[in-house]
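Peer 1:
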Amino acid sequence: MTDLAELFEIAAAENSSHQKIQIRCCTAAGCMSSGSLAVKEQLEAEIKAKNLGDRLEVVPVGCMKLCGFAPLVDVSENTCFQEVTPAVAADIVNAALGEQPSPALELCDRQAPFFALQKPIVLENSGKIDPERIEAYIARGGYRQLHQVLEDMTPTEVVAEITQSGLRGRGGGGYPTGLKWATVAKMPGDQKYIICNADEGDPGAFMDRAVLESDPHRILEGMAIAGYAVGANHGYIYIRAEYPLAIARLEKAIKQAKSKGLLGSQIFNCPFNFTIDIRIGAGAFVCGEETALIASIEGKRGTPKPRPPYPAQSGLWGHPTLINNVETYANIVPIIREGADWFSSIGTEKSKGTKVFALTGKVKNNGLIEVPMGTPVRQIVEQMGGGIPDGGTVKSVQTGGPSGGCIPAAFLDTPIEYDSLLKLGTMMGSGGMIVMDESTSMVDVAKFYMEFCQCESCGKCIPCRAGTVQMSGLLSKLLKGEAEPQDIELLESLCYMVKEASLCGLGQSAPNPILSTLRYFRPEYEALLGRSHR
């Protein structure tokens, strides 16, 4: 059974074993698809061929954030190379040994705004540790906060700390995390459950996947702390099958934590038991909605149910259930470690802490960023993202995925926070941020998201099942130049009907991309009317 002293011993042993110069190579899914595994293998072969194993080691790490320039390889805190190929492995080895970098290597500027303006809290271990070794996580202070709450805090004190921090759910709705925890904690009954919603399905979003691939133990520790706080002894991670690497690393992390006594019975010799299982979803977008997710875990068809009762009252198999997403759980450990006041000092009055975004689209620097709440959209797009390639102009920034909307260029100075985005007709969502330039048709954008929602609708309620089909048809009619003025009015009225009458969040938010583009880019819709109606 692991105790605190043993954690320190593991950390000391891990740190002493890393006296060699480390060459950190990204092995997240995005980098591996760009060839990083071949780079890693060639680096290892080069070290072996030159008998440098006593001086150098290749460390496979998680996401290194600048995904658009993958594969990335770090040889020191300040020296990183981008778009690496196996052919330059020898040059990287020489650079790690202190030689002047070869002209064949393309330096990645770690002082550039993309990196310098980030504030890593959720991503503090990302790209720094081997995600498949629990010892690497423990060496960075892992599982000490779980020990802290079990030894020094009551469940009520843990809930109070999370409440005081001001953390809001990072899955999209922004519901106060502490309030949700408090609701589950006060519910009667001996059986309660914890669920991590890792069913990330927004087009262009890969935040949760990157966290799970880079720092899986952070999620396990956050869930265990949550379980102690609300009185649950069993947790589930619901993750889509499209994330095989994340699944594999979670499975390994759970096995390692069990072997160290950090999951299971009497954790840290306390009367607290907590286990975690994985449930793999088939990729239905609607299963991101909590009641549909619960149905899927129970082995039923993933369709939503009317609320109340809420899962906090009656969730998995009728028991009180706490559901938070990956990024929410990833914030728990630093809040306990640094304190609620520290966390609440970051961000804005109503949106505390940081937010992780997947920055993609027509922007120079695509990748994963973590910024304080309140950061202006312009700073993210133009400074961190580097703006539009080839000197183009930003036309719009889409946030919130199929549930969100489009922010026009005139509002790029809007701060990233829950309320300010809602006022613009969009939302934070789980963290997708897609940049569009002047060549983008906003009606095409609306059509893309409506087709997505139409395909992903579970069909349980008529407003969503039939409404998404009709809205998609009207958009197609517009794009073919066959629409009349009343079709735009009909489209808008359908949006409000579907928004108000749908059963769950999928249907209620499906019209958002249309409504936001109608609000800010209506002339583009009118320009598509049949010639006789222009």
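In this text, residue positions in the sequence shown follow this note's numbering: the first is 128, and each later residue adds one.
Each residue gets a CB set at the ideal place from its N, CA and C atoms; glycine is no exception.
All values reported here derive from a predicted model rather than from experimental measurement.
Rounded to whole angstroms, what is the Cα-Cα separation between Leu183 and Phe241?
Peer 2: As a working note, residue 183 is residue 56 in the sequence shown. As a working note, residue 241 is residue 114 in the sequence shown. Straight-line Cα distance between these residues: approximately 29 Å.
Peer 1: Would you identify the three-state DSSP class for Thr595, choosing helix, strand or coil?
Peer 2: If you number the sequence shown from 1, residue 595 lands on position 468. In this structure, Thr595 counts as helix in the three-state DSSP scheme.
Peer 1: Which runs of the alpha helix (DSSP H) fall wholly inside the stretch 462-517 and span at least 4 residues, in chain order?
Peer 2: Listed in chain order, they are 467-471.
Peer 1: Which runs of the beta strand (DSSP E) at least 3 residues long sit entirely within the stretch 377-428? Give them in chain order.
Peer 2: Listed in chain order, the complete beta strand (DSSP E) runs (minimum 3 residues) inside the stretch 377-428 are 402-408.
Peer 1: Is Ser580 near Gly429, with beta carbons less than 8 Å apart?
Peer 2: Within the sequence shown, numbered from 1, the residue matching residue 580 stands at position 453. Within the sequence shown, numbered from 1, the residue matching residue 429 stands at position 302. With the sequence shown as reference, residue 580 is identified as Cys, and Ser is not the correct amino acid for it. Cβ distance not < 8 Å, so Cys580 and Gly429 don't count as in contact.
Peer 1: Pick helix, strand or coil for Lys175, following the three-state DSSP scheme.
Peer 2: Mapped onto the sequence shown, residue 175 falls at position 48. In this structure, Lys175 counts as helix in the three-state DSSP scheme.
Peer 1: Express the C-alpha separation of Ala439 and Glu104 in angstroms, rounding to a whole number.
Peer 2: Lying before the first or after the last residue shown, residue 104 is absent from the chain, which here runs from 128 to 661.
Peer 1: Which two residues bound the contiguous beta strand (DSSP E) that contains Pro438?
Peer 2: By 1-based counting over the sequence shown, the position of residue 438 is 311. Segment: none, Pro438 is in no beta strand (DSSP E) and carries neither H nor E.
Peer 1: Is there contact between the stretch 448-459 and the stretch 327-347, where contact requires at least three CB pairs shorter than 8 Å?
Peer 2: The stretch 448-459 vs the stretch 327-347: in contact.
Peer 1: Is it buried or exposed, Lys607, if we count other Cβ atoms within 10 angstroms and call 16 or more buried?
Peer 2: As a position in the sequence shown, residue 607 is number 480, starting the count at 1. Counting Cβ neighbours within 10 Å, Lys607 comes out exposed, since fewer than 16 surround it.
Peer 1: Any idea which residues DSSP pairs Val562 with across the strands?
Peer 2: Indexing the sequence shown from 1 puts residue 562 at position 435. DSSP, once it has assigned bridges, lists Gly488 and Val524 as partnering Val562.
Peer 1: Looking at the structure shown, is Arg260 part of a helix, part of a strand, or coil, going by DSSP?
Peer 2: As a first step, residue 260 must be located in the sequence shown, where it is residue number 133. DSSP places Arg260 in coil when its eight states are reduced to three.
Peer 1: Are the beta-carbon atoms belonging to Arg151 and Val200 less than 8 Å from one another?
Peer 2: Reading the sequence shown from its first residue, position 24 is the one you call residue 151. Reading the sequence shown from its first residue, position 73 is the one you call residue 200. Yes, these two residues count as a Cβ contact at 8 Å.
Peer 1: From Pro461 to Ser478, what distance separates their C-alpha atoms?
Peer 2: Locating residue 461 in the sequence shown gives position 334, where the first residue counts as 1. Locating residue 478 in the sequence shown gives position 351, where the first residue counts as 1. For Pro461 and Ser478, the distance between alpha carbons rounds to 17 Å.
Peer 1: Comparing alpha-carbon positions, which option in Gln383, Pro499, Pro330 and Ser441 lies nearest Thr311?
Peer 2: Taking the first residue of the sequence shown as 1, we reach residue 311 at position 184. It is worth fixing the name first, because residue 311 is Val in this sequence and not Thr. The candidate whose alpha carbon is nearest that of Val311 is Ser441.
Peer 1: Any idea what DSSP makes of Pro303, helix, strand or coil?
Peer 2: Residue 303 sits at position 176 when you count from the first residue of the sequence shown. Residue state, collapsed to three classes: strand.
Peer 1: With DSSP as the reference, label Arg345 as helix, strand or coil.
Peer 2: Position 218 of the sequence shown, counted from the start, is the residue given in the question as residue 345. In the structure shown, Arg345 sits in a helix (DSSP, three-state: H, G or I).
Peer 1: Between Lys491 and Gly518, is the Cβ-Cβ spacing less than 8 Å?
Peer 2: As a working note, residue 491 is residue 364 in the sequence shown. As a working note, residue 518 is residue 391 in the sequence shown. Taking 8 Å as the Cβ cut-off, Lys491 and Gly518 do not qualify as a contacting pair.
Peer 1: Can you grab the Cα-Cα spacing for the pair Val188 / Leu655, in whole Å?
Peer 2: As a position in the sequence shown, residue 188 is number 61, starting the count at 1. As a position in the sequence shown, residue 655 is number 528, starting the count at 1. Going from the Cα of Val188 to the Cα of Leu655 covers about 49 Å.
Peer 1: For Gln149, does the three-state DSSP call read helix, strand or coil?
Peer 2: Residue 149 sits at position 22 when you count from the first residue of the sequence shown. If DSSP states are grouped into helix, strand and coil, Gln149 belongs with the strands.
Peer 1: Would you identify the three-state DSSP class for Asp335, choosing helix, strand or coil?
Peer 2: Numbered from 1 along the sequence shown, position 208 holds the residue referred to as residue 335. Helix.
Peer 1: What does the alpha-carbon distance come out to for the pair Arg464 and Gly594?
Peer 2: In the sequence shown, counting from the first residue as 1, residue 464 sits at position 337. In the sequence shown, counting from the first residue as 1, residue 594 sits at position 467. One C-alpha to the other measures close to 48 Å.
Peer 1: Apply the 10 Å Cβ neighbour rule to Phe135 and answer buried if 16 or more other Cβ atoms are within range, or exposed otherwise.
Peer 2: Walking along the sequence shown from the start, residue 135 turns up at place 8. Per the 10 Å Cβ criterion, exposed.
Peer 1: Span of the alpha helix (DSSP H) holding Tyr576?
Peer 2: Residue mapping note: residue 576 aligns to position 449 of the sequence shown, counting from 1. Element bounds for Tyr576: Met569 to Glu583.
Peer 1: Can you give the Cα-Cα distance for Pro282 and Lys313, rounded to whole angstroms?
Peer 2: In the sequence shown, counting from the first residue as 1, residue 282 sits at position 155. In the sequence shown, counting from the first residue as 1, residue 313 sits at position 186. If I take the Cα positions, the gap works out to 11 Å.
Peer 1: Can you give me the C-alpha to C-alpha distance between Ser160 and Asp317, rounded to a whole angstrom?
Peer 2: For the purposes of this step, residue 160 is taken as the residue at position 33 of the sequence shown. For the purposes of this step, residue 317 is taken as the residue at position 190 of the sequence shown. Looking at the two C-alpha atoms, the distance is approximately 46 Å.
Peer 1: Taking only the alpha-carbon atoms, compute the straight-line gap between Pro499 and Gln635 and give it to the nearest angstrom.
Peer 2: Walking along the sequence shown from the start, residue 499 turns up at place 372. Walking along the sequence shown from the start, residue 635 turns up at place 508. Cα to Cα, Pro499 sits roughly 29 Å from Gln635.
Peer 1: Could you give the distance in angstroms between the alpha-carbon of Leu164 and the alpha-carbon of Ala419?
Peer 2: The residue given as residue 164 occupies position 37 in the sequence shown. The residue given as residue 419 occupies position 292 in the sequence shown. Looking at the two C-alpha atoms, the distance is approximately 37 Å.
Peer 1: Rounded to the nearest angstrom, what separates Ser568 and Thr487 at their Cα positions?
Peer 2: For the purposes of this step, residue 568 is identified with residue 441 of the sequence shown, where counting begins at 1. For the purposes of this step, residue 487 is identified with residue 360 of the sequence shown, where counting begins at 1. Whole-angstrom Cα-Cα distance: 17 Å.
Peer 1: In angstroms, rounded to a whole number, what distance separates the CA positions of Ala231 and Cys397?
Peer 2: Residue mapping note: residue 231 aligns to position 104 of the sequence shown, counting from 1. Residue mapping note: residue 397 aligns to position 270 of the sequence shown, counting from 1. Taking the straight line joining both Cα atoms gives about 56 Å.
Peer 1: Taking buried to mean at least 16 other C-beta atoms within 10 Å of its own C-beta, is Asp329 buried or exposed?
Peer 2: Taking the sequence shown and counting its residues from 1, the one referred to as residue 329 is at position 202. Per the 10 Å Cβ criterion, buried.
Peer 1: Determine the DSSP secondary structure at His446, reduced to helix, strand or coil.
Peer 2: If you number the sequence shown from 1, residue 446 lands on position 319. Note: His446 maps to coil in three-state DSSP.
Peer 1: Please say whether Gly556 and Gly600 have beta carbons closer to each other than 8 Å?
Peer 2: For the purposes of this step, residue 600 is taken as the residue at position 473 of the sequence shown. For the purposes of this step, residue 556 is taken as the residue at position 429 of the sequence shown. Going by C-beta atoms, Gly600 is not nearer than 8 Å to Gly556.
Peer 1: Going by alpha carbons, who is nearest to Thr154 out of Ile148, Lys147 and Gly162?
Peer 2: Along the sequence shown, read from residue 1 onward, the residue named residue 154 stands at position 27. Of the listed residues, the one whose Cα sits closest to Thr154 is Gly162.
Peer 1: Which residue comes first and which comes last in the beta strand (DSSP E) that contains Pro325?
Peer 2: If you number the sequence shown from 1, residue 325 lands on position 198. According to the sequence as given, residue 325 is Ala; it is not Pro. Tyr320 to Ala325 is the span of the beta strand (DSSP E), which, as asked, contains Ala325.
Peer 1: Could you give the DSSP three-state label for Val202: helix, strand or coil?
Peer 2: For this step, residue 202 is matched to residue 75 along the sequence shown. Val202: coil per DSSP, three-state reduction.
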